[in-house]
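Basically my numbering = 1-based index in the sequence shown + 521.
For each residue, glycine too, the CB sits at the ideal point set by N, CA and C.
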Amino acid sequence: MPKEDCKYWEKCYQRNPAHLSKYNHPEKPAETEEDGAEGRKVAPKRSASSQSKEKEKETDQHQPSQSEEKDRPNTSNSSAGMENEEGAKGSYESETAELHKEAMNNISGKNYMEILEKRIRLSVQKEYDNLCESNEFIRHKFLVEMPPDFYEFWKFVESLKTDPANPKDAGLVHLDKVFQLQLVGPFEFLAGRFHGAKLGEPGDYLRHWRFYYDPPEFQTIFVRRGTGIHYGYWRDVPQDKEKLLIARTDSSKGCEIQFVAGNAFDAFLYYLENDFVATPFSAGQLNGIKKAVPKYLSDHTLELAQLDRLQRERNKRVVAKTFHRAGIVVPFDKKTQLGYRPLPVSDVELKKMLTILERKEIDNGAAKQAVLEKLQPVANAAIIAVDESDFGSALELGIDMFSSGHKELHMLTSSLLVPAYSMLSRPQFIAIAKAHMEQRRREVNLSMFEVLK
Numbered sequence: 522m523p524k525e526d527c528k529y530w531e532k533c534y535q536r537n538p539a540h541l542s543k544y545n546h547p548e549k550p551a552e553t554e555e556d557g558a559e560g561r562k563v564a565p566k567r568s569a570s571s572q573s574k575e576k577e578k579e580t581d582q583h584q585p586s587q588s589e590e591k592d593r594p595n596t597s598n599s600s601a602g603m604e605n606e607e608g609a610k611g612s613y614e615s616e617t618a619e620l621h622k623e624a625m626n627n628i629s630g631k632n633y634m635e636i637l638e639k640r641i642r643l644s645v646q647k648e649y650d651n652l653c654e655s656n657e658f659i660r661h662k663f664l665v666e667m668p669p670d671f672y673e674f675w676k677f678v679e680s681l682k683t684d685p686a687n688p689k690d691a692g693l694v695h696l697d698k699v700f701q702l703q704l705v706g707p708f709e710f711l712a713g714r715f716h717g718a719k720l721g722e723p724g725d726y727l728r729h730w731r732f733y734y735d736p737p738e739f740q741t742i743f744v745r746r747g748t749g750i751h752y753g754y755w756r757d758v759p760q761d762k763e764k765l766l767i768a769r770t771d772s773s774k775g776c777e778i779q780f781v782a783g784n785a786f787d788a789f790l791y792y793l794e795n796d797f798v799a800t801p802f803s804a805g806q807l808n809g810i811k812k813a814v815p816k817y818l819s820d821h822t823l824e825l826a827q828l829d830r831l832q833r834e835r836n837k838r839v840v841a842k843t844f845h846r847a848g849i850v851v852p853f854d855k856k857t858q859l860g861y862r863p864l865p866v867s868d869v870e871l872k873k874m875l876t877i878l879e880r881k882e883i884d885n886g887a888a889k890q891a892v893l894e895k896l897q898p899v900a901n902a903a904i905i906a907v908d909e910s911d912f913g914s915a916l917e918l919g920i921d922m923f924s925s926g927h928k929e930l931h932m933l934t935s936s937l938l939v940p941a942y943s944m945l946s947r948p949q950f951i952a953i954a955k956a957h958m959e960q961r962r963r964e965v966n967l968s969m970f971e972v973l974k
């Protein structure tokens, strides 16, 4: 005898054997447009009496006869199946609830957070270790790229090692021990000193050997040990990596900067002539190293950029001298006069305004307020100049405020440098300036390795 189709079709929830043996559960066929139309026909409204008669009729029809009672299947098995099904369902829900509770406890618990933090540290450490395998580390951490003469000078330093088996930084150690000259920053990376070092924050790398008065355009490479005398590459644009000027400054004497060389070799010789004081014990080594530099250049047929030519070319593009005397370079159209306009006050007048901050007899808060009141019209003029495409004006005033050395003016300095560097497409200098002003120190040992000890 063929089985009937269950009225719930394939969506029937019953799974007991008795029900399954009596009914089929095929997929419900899709309604045709005619079926849908018929289904949407409105039935005539029935009266209350007719509804009650229909209910009585349905009751009579649903009362089984004796023959039907005999043919009815045993429902005890069905009930038992449903009870088993409900028990399994309850057990599943209970188990799921326990797993959810355990997961939530792990997420909110201390152990989970410790594991997560450890995984993040391991991931960052792995990325750092991979970065140390290439010179991309310099661009990633210091936000600049080094010129060819930098790498050539490093090869010369490595040639000073008497034994190839010596540590990678043996050349740096030799120059420091004999000539009191520390090769820092990117040289330390080439010497392997960043490999395996404790990880720092991004700002730590940008402040690494950045002295108190160093503007963002200056990157230290040489330091006379224990002093504020240091040398560095100068970039008017962060992307500059060819034929860079090298400048010298002494942070113990102020912000003024002097260009002394057109390459690292000439800067090294300038240091030996002007900043290193030889003793009877080091005189012989001094003469030897002075002869070794030109011999190395000759042997390797290196033609390096010279100071005079580079400085002449740059001077043509300088639009304002600034307090540090190195000047600033911005794009300037001579025909339209766009790019820079002079500030409404001279350097002398600007310095006179700032002397109020140096008077000890005046309260610091009152002095700051007095200076800001005088500077505000000048700053407003520089910001208006930025809106009118004269970006150099804000850069000039911002650099002057920074070079003054007054930390009380850092907020004003930032409000000038950020829009100026932004409009000049020099975002790397924004990051360097902000990191520097966050922790600006007058010490002479500015190695990040000391900070992270």
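| Which whole-angstrom value describes the C-beta separation of W730 and G706, a residue pair presumed to lie in contact below a C-beta threshold of 8 Å? | 5 Å
| query | Which word fits S914, buried or exposed, when buried means at least 16 other C-beta atoms lie within 10 angstroms of its C-beta? | reply | buried
| K576 (DSSP reduced to helix, strand or coil) | The pLDDT assigned to K576 is 47, lower than 50, so where the model puts this residue is not dependable, and the model offers no usable value.
| message | So, at 6 Å on beta carbons, what are the nonlocal neighbours of Q832 in its own chain, with the 5 sequence-adjacent residues on each side left out? | response | F780
| field | 8 Å CB neighbourhood of G721 in its chain, flanking five on each side removed | value | M969, V972, L973
| query | Where does K662 land, buried or exposed, given buried means 16+ other C-beta within 10 angstroms? | reply | Label assigned to K662: buried.
| task | Might you give, ordered along the chain, the residues of its own chain that have their beta carbon closer than 8 Å to the beta carbon of E666, omitting 5 neighbours on each side? | result | I659, R660, Q760, K762
| request: Just tell me which of L823, A900, E909, I905 has its CA closest to the CA of A920. | output: As written in the sequence, residue 920 is Ile, which differs from the Ala given in the question. With distances taken between Cα atoms, I920 lies closest to A900.
| query | What's the C-alpha gap between E959 and V851? | reply | Take the alpha-carbon of E959 and the one of V851: they are about 26 Å apart.
| query | Since A712 contacts I742 with CB under 8 Å, what's their CB separation in whole angstroms? | reply | Rounded, the Cβ-Cβ distance is 12 Å, inconsistent with contact.
| request: Mind checking who T770 pairs with in its DSSP beta bridge? | output: H751
| message | Can you list, in chain order, the residues of its chain with a C-beta nearer than 7 Å to that of D697? Leave out the 5 residues immediately preceding and following it. | response | Q703, R746
| request: Closer than 7 Å by C-beta to A941: which residues in its own chain qualify, once you throw out the five before and the five after it? Chain order, please. | output: Hits under 7 Å: V907, F912, A915, L916, G919.
| Who are the near neighbours of Q701 in its chain, counting only those whose CB is closer than 8 Å to its CB and skipping five residues on each side? | R745, R746, G747, F797
| Grouping DSSP H, G and I as helix and E and B as strand, with all else coil, what is F797? | Judged by DSSP in its simplified three-state form, F797 adopts coil rather than helix or strand.
| request: Note down, in chain order, each residue of its chain lying with its Cβ closer than 8 Å to the Cβ of L766, except the 5 sequence neighbours on either side. | output: Y754, W755, F780, A782, G783, L828, L831, Q832, R835
| Which value, in whole angstroms, describes the spacing of the CA atoms of P736 and A954? | 7 Å
| request: Identify every run of the alpha helix (DSSP H) within the region 924–962, keeping only runs that are complete inside it and at least 4 residues long; order them along the chain. | output: Taken in chain order, the whole alpha helix (DSSP H) runs of length 4 or more contained in the region 924–962 are 931–944, 948–959.
| field | For Q806, three-class secondary structure by DSSP | value | helix
| task | Return the Cβ separation of K811 and L790 in integer angstroms, given the expectation that the two are a contact with Cβ distance under 8 Å. | result | 7 Å
| Distance, T822 Cα to A956 Cα | So the two alpha carbons sit approximately 40 Å from each other.
| Taking C-alpha atoms, which residue in V699, D854, F715, R947 lies nearest to D650? | F715
| task | Using beta-carbon positions only, say whether I951 and L933 come within less than 8 Å of one another. | result | no
| message | Checking 8 Å against the spacing of the C-beta atoms, do S910 and L871 come in under that value? | response | Not in contact: S910 and L871 (Cβ atoms no closer than 8 Å).
| task | Return yes when the Cβ of Y544 is within less than 8 Å of the Cβ of E531, no when it is not. | result | no
| query | Buried or exposed: which applies to F802, given that a residue is buried once 16 or more other Cβ atoms fall within 10 Å of its Cβ? | reply | exposed
| What is the DSSP secondary structure of Q740, counted as helix, strand or coil? | Strand, per DSSP.
| query | Beta carbon of L875, beta carbon of S925: below 8 Å? | reply | yes
| request: Say whether chain B places a C-beta atom closer than 8 Å to the C-beta of H845. | output: No chain B is part of this structure, which consists of one protein chain only.
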